[in-house]
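So that you can map any letter, position 244 of the sequence shown is 244 in UniProt numbering, and since no number is skipped, the others follow by simple counting.
To keep things clear, I will list the structure first and then write my remarks on it.
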Amino acid sequence: MGKIVAIANQKGGVGKTTTAINLAACLAILEQKVLVIDLDPQSNTTYGLGIQKDDVETSVYDCLMNESSAREAIMETETPNLFVLPSSIDLVGAEVELAHATNRHGRVQLLVRELQDDYDFIFIDCLPSLGVLTLNALTAADSVLIPIQCEIFALDGLGKLKNTIRLVRQNFNPELTIEGIILSMYDKRLRLANMVVEQVQNHVKDYVFETIIHRNSKIGESPSVQKPVIIYDAGSKGARNFLNLAHEFINKQHVVEHQTA
Numbered sequence: 001m002g003k004i005v006a007i008a009n010q011k012g013g014v015g016k017t018t019t020a021i022n023l024a025a026c027l028a029i030l031e032q033k034v035l036v037i038d039l040d041p042q043s044n045t046t047y048g049l050g051i052q053k054d055d056v057e058t059s060v061y062d063c064l065m066n067e068s069s070a071r072e073a074i075m076e077t078e079t080p081n082l083f084v085l086p087s088s089i090d091l092v093g094a095e096v097e098l099a100h101a102t103n104r105h106g107r108v109q110l111l112v113r114e115l116q117d118d119y120d121f122i123f124i125d126c127l128p129s130l131g132v133l134t135l136n137a138l139t140a141a142d143s144v145l146i147p148i149q150c151e152i153f154a155l156d157g158l159g160k161l162k163n164t165i166r167l168v169r170q171n172f173n174p175e176l177t178i179e180g181i182i183l184s185m186y187d188k189r190l191r192l193a194n195m196v197v198e199q200v201q202n203h204v205k206d207y208v209f210e211t212i213i214h215r216n217s218k219i220g221e222s223p224s225v226q227k228p229v230i231i232y233d234a235g236s237k238g239a240r241n242f243l244n245l246a247h248e249f250i251n252k253q254h255v256v257e258h259q260t261a
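Put into structure tokens, the structure is as follows:
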């Protein structure tokens, strides 16, 4: 049974989509079968994985609101072992439509139950807000992966998200855990960035991944060619960062399995 991981942070611009695309692709390169569910109506994850808007016949919106088959909606990417359940602009309306729907917080949970046995990992790329779609993702997930930008308000956003996770545990998903915190967009030349790394590691050391994602031009360029950075430029620092993160992520799963065995 595959692990379901929501990639979330209420703060925008912290690297959620970049993490979803590139961590998933690196895990796929390491022969893990991975699905990414794009739960953001901007569809940046869908586009960044090489899927053209006109090629999407059935989106995650149709699966959530019109009971379309999720299996039939899933699309292959150019990266072996990597699949995407695409988003569309229609998802904007889902926030309003779900507000008065039955089981409005459990729609994504029903969707992933249908798919969980087909993949090693299912990542859900969330919106940068605490709306009904993000709550759906957190209700469906086994754990939350939290990217944090190395800038001054990083800890403030983290505190709000941890409070949200606590509320989700109390009301919808008592088994939800924090998978880990990823420090992203790091520039070692900046004193502020180094201060943030030190602060985060001091406050939430047990959750922080050792791998830090540096600012890298290839990571920034890869969405323009609709490829993960490991496919766009495998020798770049950005690709090496995400490949190291993927190895660390897998090793963490093995440690947890050993502890619970």
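We put the CB at the ideal spot given by N, CA and C, even for glycine.
Just mark residue i as buried or exposed, buried being the case when its beta carbon has 16 or more other beta carbons within 10 Å.
i	result
Ala6	buried
Met185	buried
Val96	exposed
Lys16	buried
Ile4	buried
Arg71	exposed
Ile74	buried
Gly93	exposed
Asn22	buried
residue 279	Residue 279 is absent from the structure shown; the chain starts at 1 and stops at 261.
Ser69	exposed
Phe153	exposed
Gln149	buried
Ser224	exposed
Glu114	exposed
Within the continuous alpha helix (DSSP H) that includes residue i, where are the two ends?
i	result
Ser217	217–221
Val84	Careful: Val84 lies outside any alpha helix (DSSP H), inside the beta strand (DSSP E) at 82–85.
Val96	92–98
Thr45	44–48
Gln52	Per DSSP, Gln52 belongs to no alpha helix (DSSP H) and is neither H nor E.
Glu89	In the sequence on display, residue 89 carries Ile and not Glu. No alpha helix (DSSP H) holds Ile89; DSSP gives it neither H nor E.
Lys16	16–29
His203	191–203
residue 264	No answer is possible for residue 264: it lies beyond the span of the chain, which begins at 1 and ends at 261.
Leu130	Where Leu130 is concerned, there is no enclosing alpha helix (DSSP H), given that its DSSP letter is neither H nor E.
Val225	No alpha helix (DSSP H) holds Val225; DSSP gives it neither H nor E.
Ile212	Neither: Ile212 is in no alpha helix (DSSP H) and is coded neither H nor E.
Give every residue of the same chain whose Cβ lies closer than 8 Å to the Cβ of residue i, excluding the five residues on either side of it in the sequence, and list them in chain order.
i	result
Lys237	His214, Asn216, Lys218
Asp117	Met1, Gly2
Val200	Ile148, Ala154, Leu155, Leu158, Ile181, Leu183, Val208
Counting only the same chain and skipping the five closest in sequence on each side, list residues whose C-beta sits under 7 Å from that of residue i.
i	result
Gly12	Pro128
Gly106	Thr139
residue 263	What is shown of the chain runs 1 to 261, which leaves residue 263 out entirely.
I need the boundaries of the beta strand (DSSP E) containing residue i, first residue and last residue.
i	result
Thr177	177–184
Gln149	143–149
Asp38	34–38
Asp156	Segment 154–171 is the alpha helix (DSSP H) holding Asp156; no beta strand (DSSP E) there.
Ala6	3–7
Ile124	121–125
Since residue i contacts residue j with CB under 8 Å, what's their CB separation in whole angstroms?
i	j	result
Val14	Pro147	5 Å
Leu138	Val168	5 Å
Phe209	Ile250	With 8 Å as the limit, Phe209 and Ile250 do not qualify as a contact, their Cβ atoms being about 12 Å apart.
Glu176	Val144	The residue asked about is misnamed: residue 176 is Leu in this sequence, not Glu. That belief holds up - the Cβ atoms of Leu176 and Val144 are roughly 7 Å apart, short of 8 Å.
Who are the Cβ neighbours of residue i in its own chain at under 6 Å, not counting the five residues just before and after it?
i	result
Gln109	Thr139, Ala140
Thr211	Asn244, Leu245, Glu248
Asp90	Tyr61
Phe172	His105, Thr139
Leu98	Arg104, Val132
When every heavy atom of the ligand SAM is checked, does at least one fall within less than 6 Å of the C-beta of residue i?
i	result
Asn9	Among the ligands in the structure shown, none appear at all, so the ligand SAM cannot be discussed.
- Message: I'd like to know if the region 46–55 and the region 102–117 are in contact, where contact means that at least 3 CB-CB pairs between them fall below 8 Å.
- Response: no
- Item | Stretch pair the region 199–206 + the region 234–254: three plus CB contacts closer than 8 Å | no
- Message: Would you call the region 186–197 in contact with the region 158–165, where contact means no fewer than 3 C-beta pairs closer than 8 Å?
- Response: no
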